[in-house]
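**Student:**
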Amino acid sequence: QVQLVESGGGLVQPGGSLRLTCAASGFTFSNRAMKWYRQAPGKERELVAIIGSAGGSTNYTPSVKGRFTISRDNIKNTVYLQMNSLKPEDTAVYYCNVIWLASDYWGKGTLVTVSS
650 QVQLVESGGG LVQPGGSLRL TCAASGFTFS NRAMKWYRQA PGKERELVAI IGSAGGSTNY
710 TPSVKGRFTI SRDNIKNTVY LQMNSLKPED TAVYYCNVIW LASDYWGKGT LVTVSS
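The numbering used here puts the first residue of the sequence shown at 650, with every later residue one more than the last.
1) Please report how far the alpha carbon of residue 718 lies from the alpha carbon of residue 731, in whole angstroms.
2) Are the beta-carbon atoms belonging to residue 728 and residue 671 less than 7 Å from one another?
3) Of the choices 692, 689, 659 and 711, whose alpha-carbon is the least far from that of residue 698?
4) Taking only the alpha-carbon atoms, compute the straight-line gap between residue 693 and residue 687 and give it to the nearest angstrom.
5) Nearest to residue 704 by alpha carbon, out of 675, 679 and 749?
6) For residue 752, which three-state DSSP category applies?
7) Is DSSP giving residue 666 helix, strand or coil here?
8) Anyone know if the C-beta pair for residue 668 and residue 747 falls short of 7 Å?
9) Measure the alpha-carbon distance for residue 684 versus residue 664 and round it to whole angstroms.
10) Assuming residue 733 contacts residue 674 under a Cβ cut-off of 8 Å, what Cβ separation, rounded to an integer in Å, is found between them?
11) In chain order, what are the residue ranges of uninterrupted beta strand (DSSP E) at least 3 long that sit wholly in the segment 658-714?
12) Which residue's Cα is closest to the Cα of residue 756: 762, 749, 750 and 745?
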């Protein structure tokens, strides 16, 4: 079965960096676009970044452009989100997502807290 396991969250000061990791299994990873979403307290889940199956195509929500970088390793079946210049408004639970055989799959998320 499809499994997505996020890690790498934590507490970081404003201006700091974190790298999130999503380990994927149970589907043909190299054939699928992968996405990172986030959900802040009291807010709806929003799409943060998406990467194409080969890794050559990426897109970001405007609020993170120039600060976040999504990447993938199709040998390790892993997708990453490098987050730099973090701001308090980046505080959220971050989720990995894939659509496989017309179904949406989510990990359990990893909490990122940006605070001094």
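Just so it is clear, CB atoms sit at the ideal spot from N, CA and C, and this is done for glycine as well.
**Tutor:** In terms of the structure at hand:
1) Near 5 Å, if we compare the C-alpha coordinates of residue 731 and residue 718.
2) Yes; because the gap between Cβ atoms is below 7 Å, this pair is in contact.
3) Nearest option by C-alpha distance: 711.
4) Residue 693 and residue 687 have their C-alpha atoms roughly 9 Å apart.
5) Looking from the CA of residue 704, the closest CA among 675, 679 and 749 belongs to 679.
6) Strand, per DSSP.
7) Under the three-state reduction of DSSP, residue 666 is assigned to coil, being neither helix nor strand.
8) No, Cβ-Cβ distance for residue 668 and residue 747 is not below 7 Å.
9) Near 24 Å, if we compare the C-alpha coordinates of residue 664 and residue 684.
10) At roughly 28 Å, the Cβ-Cβ gap does not stay under 8 Å, so residue 733 and residue 674 are not in contact.
11) Correct list: 659-661, 667-674, 683-688, 695-700 and 707-709.
12) Nearest to residue 756 by alpha-carbon distance, out of 762, 749, 750 and 745, is 745.
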